[in-house]
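Since the structure comes first, as structure tokens, the remarks are kept for the end.
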């Protein structure tokens, strides 16, 4: 019976474990392949959508995400998302505010500023 070194045994076990993890755990639980978006091609714009005119005044805000800061080509934006519901219809609104000439001190963004309305 040939002797197998511990290094060769450990590498073969690690390789087997890696193959099992990549083959068996590659599909997300409950995912629908029709809902997958290729991040390299992007999404198709919705024809006729008027994002800046969305109003959530009559309905109720179901969820409001904390604003986050996003930098795009050296410009800094504060971006927030709200999920609104009006009867049986629900939609997601996104608010963005371009932050110009910001110093090191805290800055308050007033309600109603930016693009969009909730």
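Residue numbers (mature numbering (1 follows the signal peptide of the UniProt record, and there is no 0)): -28 to -1, 1 to 90. Virtual Cβ for every residue (Gly too), placed ideally from N, Cα, C. Source: prediction; values computed, not measured.
Against chain D, with Cβ distances strictly below 8 Å, would residue i count as a contact?
{"i": "residue 53", "result": "Structure shown: chain D not included; a single protein chain is present."}
Figure out for me which residue from the options has the closest Cα to the Cα of residue i.
{"i": "residue 47", "options": "72, -9, -24, 55", "result": "72"}
{"i": "residue 69", "options": "-19, 58, 44", "result": "44"}
{"i": "residue 53", "options": "-15, 67, 59", "result": "67"}
Where does residue i land, buried or exposed, given buried means 16+ other C-beta within 10 angstroms?
{"i": "residue 65", "result": "buried"}
{"i": "residue -21", "result": "exposed"}
Residue i to residue j, Cα distance in whole Å?
{"i": "residue -10", "j": "residue 41", "result": "39 Å"}
{"i": "residue -7", "j": "residue -23", "result": "24 Å"}
{"i": "residue -19", "j": "residue 58", "result": "59 Å"}
Can you round the beta-carbon distance between residue i and residue j to whole angstroms, since I take them to be within the 8 Å contact cut?
{"i": "residue 56", "j": "residue 63", "result": "6 Å"}
Since residue i is in the beta strand (DSSP E), which residue starts that stretch and which ends it?
{"i": "residue 65", "result": "61 to 71"}
{"i": "residue -24", "result": "From DSSP, residue -24 is part of no beta strand (DSSP E); its letter is neither H nor E."}
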